[in-house]
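*Asks:* In my numbering, the protein residues as written are 968 to 1218. For each residue, glycine too, the CB sits at the ideal point set by N, CA and C.
(1) Does the beta-carbon of residue 1068 have 16 or more other beta-carbons within 10 angstroms, so that it is buried, or is it exposed?
(2) Output the distance between the C-alpha atoms of residue 1096 and residue 1133, rounded to the nearest integer angstrom.
(3) Work out the CA separation of residue 1209 and residue 1093 for me, nearest whole Å.
(4) Which value, in whole angstroms, describes the spacing of the CA atoms of residue 1139 and residue 1106?
(5) In the DSSP assignment, the alpha helix (DSSP H) including residue 1123 goes from what residue to what residue?
(6) List the endpoints of the continuous beta strand (DSSP E) containing residue 992.
(7) Return yes when the Cβ of residue 1158 is within less than 9 Å of the Cβ of residue 1186, no when it is not.
(8) Check whether the Cβ atoms of residue 1190 and residue 1164 lie closer than 9 Å to each other.
(9) Look up residue 1079 in the DSSP assignment and give the residues it is bridged to.
(10) Just the C-alpha distance for residue 988 and residue 1026, rounded to the nearest angstrom, thanks.
(11) Leaving aside the five residues before and after residue 1168 along the sequence, list all residues of the same chain whose C-beta is less than 6 Å from its C-beta, in chain order.
(12) May I ask which residues mark the beginning and end of the beta strand (DSSP E) holding residue 977?
(13) Is residue 1149 close to the ligand ZN? I mean its beta-carbon at under 8 Å from any heavy atom of the ligand.
(14) Please name the residue in 1004, 1005 and 1018 whose C-alpha comes closest to that of residue 995.
(15) May I ask you to list the residues that DSSP assigns as paired with residue 1093?
(16) Can you list, in chain order, the residues of its chain whose CB lies under 7 Å from that of residue 998, leaving out five sequence neighbours each side?
(17) When you compare only the Cα positions, how much space is there between residue 1174 and residue 1166?
(18) Excluding the 5 residues flanking residue 1170 on each side, which residues of the same chain have their C-beta closer than 7 Å to its C-beta?
(19) For residue 1037, count the other beta carbons within 10 Å of its own beta carbon; 16 or more makes it buried, fewer makes it exposed. Which is it?
(20) Could you compute how far the alpha carbon of residue 1120 sits from the alpha carbon of residue 1137?
(21) In chain order, what residues of the same chain lie with their CB nearer than 8 Å to the CB of residue 1179, ignoring the 5 residues before and after it?
(22) So does the segment 1071-1083 actually touch the segment 1050-1059, counting three or more Cβ pairs closer than 8 Å?
(23) Can you find the residues in the same chain that come closer than 7 Å, C-beta to C-beta, to residue 1035, ignoring five residues on each side of it along the sequence?
(24) Could you give the distance in angstroms between the alpha-carbon of residue 1112 and the alpha-carbon of residue 1192?
(25) Counting only the same chain and skipping the five closest in sequence on each side, list residues whose C-beta sits under 8 Å from that of residue 1013.
(26) Do you know how far the Cα of residue 982 is from the Cα of residue 1188?
(27) State the Cα-Cα distance for the pair residue 1090 and residue 1100, rounded to the nearest angstrom.
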């Protein structure tokens, strides 16, 4: 028979929360064999999947995760990193200056591209799509990609600087998302973007793998984070979401 004792989670310390008589901080450790290698999805399903809904708990908040190197090394992590972004833009020794195109929704693809050009021509290092710019009826993704790439190359030619635009590849399916990333690469755009919480960890990891294999940088937007991390007595601290993203992959 298999002994289940080796697979139990263990609470090895409990501390009171200063100033809160009914709240405590519990330190819990789990055996690594409980988790699939390289899967943020499985990690979160196991640690926070059902326990937050237990009726015996009035509230529960995951404050932090400490990941052993033996497990963290099974993740590829960021596709490239900030240094590679600086190398691609050929800009060092100062902060990179960029902006999000506004209004975020409502512009045609042509007018959106014009706004990108004016920002880059005016001195910005990069521009980016907003989190909910995907493929709406007034601006389909392929048209947006083409006009933004045109604006990018025009601004580069006129300024003599390397510019960037973060094209949001977030889509309704993983297959469509990868298709958009492939098209961005064909246009020669150096970076794509993904809404990693609304898109999901599996989709984000898949996109991160594609970006690493094909020389694309991956910018991440945290849309929906406040649903999870805003309440101080329930949910998760954003540092947990940031660590999860670090493992899933984002530059």
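*Replies:* The short version:
(1) buried
(2) 6 Å
(3) 23 Å
(4) 16 Å
(5) 1108-1126
(6) 987-996
(7) yes
(8) yes
(9) According to DSSP, which records beta bridges pairwise, residue 1079 is partnered with nothing at all.
(10) 14 Å
(11) 1007, 1008 and 1215
(12) 977-984
(13) Annotation note on the ligand ZN: not contained in the displayed structure, which lists no ligands.
(14) 1018
(15) 1065 and 1131
(16) 973 and 974
(17) 10 Å
(18) 1141 and 1144
(19) exposed
(20) 23 Å
(21) 1043, 1046, 1047 and 1216
(22) no
(23) 999
(24) 27 Å
(25) 997, 1001 and 1002
(26) 34 Å
(27) 23 Å
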